[in-house]
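Residue numbers (the numbering used here): 80 to 457.
Yeah, the Cβ is synthetic: ideal placement off N, Cα and C, and Gly gets one too.
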Amino acid sequence: MTAEAAELRRILADRISENGSLTDPAWRAAVEVVRREVFLGGDVYRTNGSAWELVHRAEVGEEAWLRLAYSDTTWVTQVDGVDAADAPGPLAGRPTSSSTLPSLVVRMLEVAGIRDGDKVLEVGTGTGYSTAILCHRLGEENVTSVEYDAGLAKSAAEHLRAVGCSPTLVTGDGLQGYRERAEYDAVVATCAVRHIPHSWLWQIRDGGTITTTLSGWMTASGLIRLTLDDEGVATGRFTGDTISYMLARPHERPPRPTLVPRAGEARASRVDPGLFDDWAGHFVAQLAAPSAEFVTMADSVVLVDVATGSQAWTEPAGAGWTVHQSGPLRLWDQVEAALLTWQAAGSPDQNAFGMTVTDETQTVWLGNPDGPSWRLPM
Ligand SMILES: C[S@@+](CC[C@H](N)C(=O)[O-])C[C@H]1O[C@@H](n2cnc3c(N)ncnc32)[C@H](O)[C@@H]1O
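Have a look at this one:
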């Protein structure tokens, strides 16, 4: 069985090298050694399209479990705070923790540009798999990882111990960083943020990096590596990867009442609501209305502002679309203006965007720092 697992790890490493996520031999060596099955424990969730069903190691058998562990797949381990090990049966809800697909784990680390000897703060220990990958390359003394959920943190510590790894593990809010072990060469977040926490900026050295996905309540996402200069300003460009992580828990959207589209001021839209299907278009819309949620209903795009209850929704009208807006914010006006700006620049991919973070402001810009820009909510 050990030989079979080693062979499956080699096959996994080959596969993610072929898709371009894994180029650095040092990360490849880690993928070939770290036993992912240990980090999955005995139970994971699998979606059937409408609910999260359970897959139990004891039921599927060792061979099938190993194949599952070494598929390049994200395995959800917690839904709405319920661990797969404790779930009474299938659950509807949102994943709140997972073992990220290995190709994305190493892609993040490659984007981060981590080198031997670097001291790294990981935010989002989850199962501990990515923490173990970091430890394999950097040594456990150089790795600190923070997990918000106490139960998950405890399981991750057990998994890491089982593979002989003792990095510094912290239970708490990784958005606060972990000052006791600063300064870091790099922060790597395996959960997404709506803006960059100041503590990350303050806890990396000059020239240090922050690698994270920037996301929000419209669920658009962009992967970026920011580098801190000696004046305390961090800048970087989005990579264009079409990947996303679950939002950091303190950045999650607050609950809202059941959504009922309201009548409002109606006018013709100047942009196609189908632009929300474009990775960069969706991202631009989120920048323009950062406290709005995005929902699709039949052939309508619906935006709801979480803070004010303002709404905008579209409906097909002849060859175009009508938009209805109500509430104190004109959400569609905001989104439309941003999408028109993006279209005027030739509808570039997300790697045309960058970000500048200072102590006072955080802006995402198009083209260069003097180009069109949007402030992030903080
Ligand atoms: C995608 S999972 C992490 C996957 C993990 N790196 C692995 O390889 O298994 C995201 C994790 O981030 C954690 N998380 C969310 N918000 C957090 C926060 N503010 N601080 C630390 N961890 C957080 C979640 O509880 C979840 O376990």
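Should residue 405 and residue 379 be called a contact, given that it needs their Cβ atoms to be closer than 9 Å?
no
At a threshold of 8 Å, does residue 207 count as lining ligand 1 (C-beta to nearest heavy atom)?
yes
Tell me which same chain residues have a C-beta within less than 6 Å of the C-beta of residue 420, skipping the five on either side of it?
451
Pair every Cβ in the region 286-294 with every Cβ in the region 265-275, then say whether three or more of these pairs are closer than 8 Å.
yes
Please tell me whether, using a cut-off of 8 Å, the distance from the CB of residue 217 to the nearest non-hydrogen atom of ligand 1 is below it.
The answer is no for residue 217.
Roughly how many angstroms lie between the CA atoms of residue 251 and residue 317, to the nearest whole one?
28 Å
Around the C-beta of residue 448, are 16 or more other C-beta atoms found within 10 angstroms, so that it is buried, or is it exposed?
Flag for residue 448 reads exposed.
Residue from 202, 192, 98 and 164 whose Cα sits closest to the Cα of residue 326
Residue 326 has its Cα closest to that of 202, out of 202, 192, 98 and 164.
Range covered by the beta strand (DSSP E) that runs through residue 314
313-316
What is the rounded straight-line gap between the Cα of residue 199 and the Cα of residue 265?
Going from the Cα of residue 199 to the Cα of residue 265 covers about 5 Å.
Could you tell me which whole alpha helix (DSSP H) segments of length 4 or greater appear in the region 164-230?
181-191 and 208-217
Extent of the continuous alpha helix (DSSP H) to which residue 259 belongs:
From DSSP, residue 259 is part of no alpha helix (DSSP H); its letter is neither H nor E.
Completely contained alpha helix (DSSP H) runs for the region 337-369, where each covers 4 or more residues:
358-367
Could you pull the start and end residues of the beta strand (DSSP E) that residue 254 belongs to?
From DSSP, residue 254 is part of no beta strand (DSSP E); its letter is neither H nor E.
Hey, would you say residue 240 sits closer than 9 Å to residue 262, going by beta carbons?
no
Grouping DSSP H, G and I as helix and E and B as strand, with all else coil, what is residue 278?
helix
Residue burial classification, residue 204 (beta-carbon count within 10 angstroms, cutoff 16):
Residue 204 comes out buried.
Residue 298 and residue 373: beta carbons closer than 9 Å?
Yes, Cβ-Cβ distance for residue 298 and residue 373 is below 9 Å.
From the DSSP secondary-structure annotation, give me the bridge partner or partners of residue 246.
Its beta-bridge partners do not exist; DSSP assigns none.
In angstroms, rounded to a whole number, what distance separates the CA positions of residue 194 and residue 159?
36 Å
Outcome for residue 347 when other beta-carbon atoms lying within 10 angstroms are tallied against a minimum of 16:
exposed
Beta-carbon spacing of residue 122, residue 162 below 9 Å
yes
Please determine if the region 409-423 and the region 334-354 are in contact, where contact requires at least 3 C-beta pairs separated by less than 8 Å.
In short, these stretches touch, since the Cβ pair count reaches three.
Is the closest heavy atom of ligand 1 to the C-beta of residue 328 under 8 Å?
yes
Could you pull the start and end residues of the alpha helix (DSSP H) that residue 86 belongs to?
81-97
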